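Q: Can you read through this structure? Questions will come right after.
Now the structure itself:
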């Protein structure tokens, strides 16, 4: 890529990261929230598949590298403050490591003021079958 | 609310915040990414409208308090790592302070390797008419 201006526009945080929202283009479901750095965003644009920065593993994370559950990039959007990204993707398989379509599966059930997070989406595949 | 366990489950960052994705329930568009703290999340649940923590103003931010562009909560979801939230909302008016439906309106246009962020969504209302 000829210049880095498009990367310099982004308001990276102190760790050199910004959050990325990933949305499934076919179901419109928000699949996950991940983090990305300059290198991962360049790689995403180059290869056409979502590459994030894994904060837990402290390394680049090509989504699906182990599970095969890759995310083909359809569109990328930057927000008005230049500090958050949105990936519109074609998701192969499941986005969540728990074997659910989306990572956002917990709902706050309110029973007379007693609130509990309840898993409301089904597990479609056992994690042990995803990560062998 | 009887107990705070549901708030203690959430993995707040060092600033006591987590990111919130806001999605429009009617159009399925991702509207914005904001930040929230314990108080703002409690208020959101109590009043049924999105209340965030404004990092720039360093105070609670009842979305629409000035513009009238409130977000009625339809569902709240917590992700698998307990460190990101998703609000599904009925958006009154426009989510973005630029007068666009969504804050995610910039697309990376690639002209022979020269990448530029281009605004691809229309301004539907002048900001000067939103904030008087």
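Chains as they are written, first to last, in the UniProt record's numbering: chain A, 1 to 132; chain B, 1 to 132.
Virtual Cβ for every residue (Gly too), placed ideally from N, Cα, C.
Source: prediction; values computed, not measured.
Spell out whether any CB of chain A is found under 8 Å from the CB atom of residue 69 of chain B.
A: Not closer than 8 Å to any Cβ of chain A, the Cβ of residue 69 of chain B fails to qualify, so no.
Q: Does the distance from the CB of residue 107 of chain B to the CB of residue 120 of chain B come in under 8 Å?
A: Against a cut-off of 8 Å, the Cβ pair of residue 120 of chain B and residue 107 of chain B comes out as a contact.
Q: Near residue 96 of chain B, which residues of its chain fall below 8 Å by C-beta distance, leaving aside the five closest residues on each side in sequence?
A: For residue 96 of chain B, where only same-chain residues beyond five positions count, the Cβ hits under 8 Å are 31, 32, 102, 103 and 105.
Q: So, with DSSP's three-state summary, where would you put residue 119 of chain A?
A: It is a strand residue.
Q: Listing by chain order, which chain A residues have their CB less than 8 Å from the CB of residue 116 of chain B?
A: By Cβ distance, chain A contributes 5 and 6.
Q: Are the CB atoms of residue 60 of chain B and residue 43 of chain B within a distance shorter than 8 Å?
A: Their beta carbons are under 8 Å apart, which means residue 43 of chain B touches residue 60 of chain B by this criterion.
Q: Closer than 7 Å by C-beta to residue 34 of chain B: which residues in its own chain qualify, once you throw out the five before and the five after it? Chain order, please.
A: Same-chain partners within the cutoff: 20, 22 and 52.
Q: Counting only beta-carbon atoms, is residue 40 of chain B nearer than 8 Å to chain E?
A: Here the protein chains are A and B, and chain E is not one of them.
Q: Rounded to whole angstroms, what is the Cα-Cα separation between residue 111 of chain A and residue 40 of chain B?
A: So the alpha carbons of these two residues sit roughly 20 Å apart.
Q: Ignoring anything shorter than 4 residues or poking outside the segment 66-122 of chain B, list the alpha helix (DSSP H) runs there in chain order.
A: Segments of the alpha helix (DSSP H) lying fully in the segment 66-122 of chain B: there are none.
Q: On the DSSP bridge assignment, give the partners of residue 52 of chain B in chain order.
A: Per DSSP, B:61.
Q: With 8 Å as the threshold, decide whether the Cβ of residue 15 of chain B is near any Cβ in chain A.
A: No, no contact with chain A.
Q: Assuming the contact rule is C-beta atoms closer than 8 Å, residue 64 of chain A and residue 27 of chain A should be a hit. Round their C-beta distance to whole Å, please.
A: Their Cβ separation, rounded to whole angstroms, is 17 Å, which puts residue 64 of chain A and residue 27 of chain A out of contact at 8 Å.
Q: From what residue to what residue does the beta strand (DSSP E) around residue 39 of chain B run?
A: Careful: residue 39 of chain B lies outside any beta strand (DSSP E), inside the alpha helix (DSSP H) at 38-47.
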